[in-house]
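Peer 1: Sending over a structure as structure tokens; questions will come in a sec.
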Amino acid sequence: MTERTPTSEQPPARRPRRETVTHASALRAGATGVPPQPSRGRPPGHPPARSEISEQTTLGHTYVRSLMRSQLKAALTALGALALLVGPLPLVLALPAPEAVVWAALGIGVYPVIWAVARWYVRRAERNERDFTGLVEGR
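Residue numbers (this note's numbering): 232 to 370.
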């Protein structure tokens, strides 16, 4: 029997690097097939939050849950403010008063309160969405 002596040792074959391909990364690569450059704001290899959300990962779920929780908190705060400010109105209107006072309380007292609470809620909801978008976009 003859033994073969290796003339040159070959290193073990390396596995190719795994790459996650998303629609956005494919668009950035374009038709050239050149992989996109990593963004400067994030460390290389760190996927953006948008892909975490679109791929429905646990982290993406956490991002969306935090937005929903902040929107719910704003809605419950607005509801509580309306309940405290407008809720006792039937008790006040049950007191004997001239009809003009009742209409003035309803027309002048209630609608500005509802408008103010609604405006606060819309501004808060838009700010929550703006903050969430900034988080997702990485700004």
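C-beta atoms are modelled at their ideal positions from N, C-alpha and C, and glycine is treated no differently.
Measuring alpha carbon to alpha carbon, tell me which residue in G338, R354, V344 and A244 is nearest S301.
Peer 2: Position 70 of the sequence shown holds residue 301. Among G338, R354, V344 and A244, the Cα nearest to that of S301 belongs to R354.
Peer 1: In angstroms with no decimal places, state the Cα-to-Cα distance between V348 and A309.
Peer 2: Your numbering for residue 348 matches position 117 in the sequence shown. Your numbering for residue 309 matches position 78 in the sequence shown. Looking at the two C-alpha atoms, the distance is approximately 6 Å.
Peer 1: For a test of the three-state rule: what should DSSP assign to A244, helix, strand or coil?
Peer 2: Numbered from its first residue, the sequence shown carries residue 244 at position 13. In this structure, A244 counts as coil in the three-state DSSP scheme.
Peer 1: Could you spell out where the alpha helix (DSSP H) holding L320 opens and where it closes?
Peer 2: Residue mapping note: residue 320 aligns to position 89 of the sequence shown, counting from 1. Residues L320 to A325.
Peer 1: Helix, strand or coil, according to DSSP, for Q287 in the structure here?
Peer 2: As a first step, residue 287 is located in the sequence shown; it is residue number 56 there, counting from the start. In the structure shown, Q287 sits in coil (DSSP, three-state: anything other than H, G, I, E or B).
Peer 1: Is DSSP giving P343 helix, strand or coil here?
Peer 2: In the sequence shown, the residue the question calls residue 343 occupies position 112. Reduced to three states, the DSSP call for P343 is helix.
Peer 1: If you reduce the DSSP assignment to three classes, tell me which class G365 lands in.
Peer 2: Mapped onto the sequence shown, residue 365 falls at position 134. In this structure, G365 counts as helix in the three-state DSSP scheme.
Peer 1: Could you check whether A305 and A356 sit closer than 9 Å to each other, using their CB atoms as the reference points?
Peer 2: Here residue 356 is taken as the residue at index 125 of the sequence shown, counted from 1. Here residue 305 is taken as the residue at index 74 of the sequence shown, counted from 1. Their beta carbons are under 9 Å apart, which means A356 touches A305 by this criterion.
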